[in-house]
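S.K.: The structure follows.
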Amino acid sequence: IAIHTTNEEYEGYLILGFADGRCVKIAVNNYYTKTNRKMLKNAFYDGSTLIGLLYQEEENSGKDIILQNNQDRMILVESDRITLKATKNSQGNVIMKLRKGYEVTSISFADQFPSNYDFDYYRVRTLPAAGRFIKEEDMAAKQITLTDMSKED
Numbered sequence: 228i229a230i231h232t233t234n235e236e237y238e239g240y241l242i243l244g245f246a247d248g249r250c251v252k253i254a255v256n257n258y259y260t261k262t263n264r265k266m267l268k269n270a271f272y273d274g275s276t277l278i279g280l281l282y283q284e285e286e287n288s289g290k291d292i293i294l295q296n297n298q299d300r301m302i303l304v305e306s307d308r309i310t311l312k313a314t315k316n317s318q319g320n321v322i323m324k325l326r327k328g329y330e331v332t333s334i335s336f337a338d339q340f341p342s343n344y345d346f347d348y349y350r351v352r353t354l355p356a357a358g359r360f361i362k363e364e365d366m367a368a369k370q371i372t373l374t375d376m377s378k379e380d
């Protein structure tokens with residue numbers, strides 16, 4: 228994974244999502260080095276595959292995050308509920324409970340999804356959560372969106 232940022236201030240927070248259902252929030256200033264480096268060692272937890280990385284400017288921005296797994300389950304959780312860790316390679320906390328053989332496939336902000344999704348249906352009260360099966364109408368809305376995108380090209 229190659230990430231490049233031109234932010235000289237080292238401000239903000241990264242939310243990392245892993246295939247085993249874990250998420251962690253890390254301050255960007257933890258990645259500050261005094262010398263220029265070609266490669267950063269131990270940049271994140273390597274015990275599970277990194278599936279996504281989100282950036283937010285404030286620790287408690289209140290933005291909603293959606294995790295999906297390959298069992299067609301989805302959860303919506305507020306970014307404030309993901310705990311801030313002090314070390315870069317922290318494994319974080321389990322956000323999505325998974326059955327054997329399944330893994331998280333994507334992490335993204337909820338505002339990247341169509342507004343007609345029933346977000347309250349997917350919102351979880353307690354963590355970790357197994358998630359809810361994706362509704363048929365939400366699957367159809369997702370497919371229509373992808374079809375519309377391909378027609379624009």
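Its first residue numbered 228, the sequence shown is counted upward by one per residue in the numbering used here.
We treat Cβ as the ideally placed atom computed from N, Cα and C, and that holds for glycine.
1. So, for residue 237: in the same chain, excluding its five sequence neighbours on each side, which residues have a beta-carbon less than 6 Å away from its beta-carbon?
2. Could you have a look at residue 317 and say whether DSSP puts it in helix, strand or coil?
3. Could you tell me the alpha carbon to alpha carbon distance between residue 299 and residue 239, rounded to whole angstroms?
4. To the nearest angstrom, report how far apart residue 374 and residue 274 are at their CA atoms.
5. Hey, how far is the Cα of residue 380 from the Cα of residue 262?
6. Can you tell me where the alpha helix (DSSP H) with residue 349 in it begins and where it stops?
7. Going by DSSP, name the residue or residues bridged to residue 249.
8. When the Cα atoms are used, what is the spatial distance from residue 322 to residue 264?
M.R.: Well, looking at it:
1. 255, 256 and 259
2. coil
3. 31 Å
4. Caution is warranted here: a pLDDT of 49 is assigned to residue 374, below 50, making its placement in the model unreliable, and the coordinate value is therefore given only provisionally. Straight-line Cα distance between these residues: approximately 36 Å.
5. With a pLDDT of only 48 at residue 380, under the threshold of 50, the placement of this residue in the model should not be trusted; the figure read from the coordinates follows. Cα-Cα distance, rounded: 43 Å.
6. 346-349
7. 321
8. 33 Å
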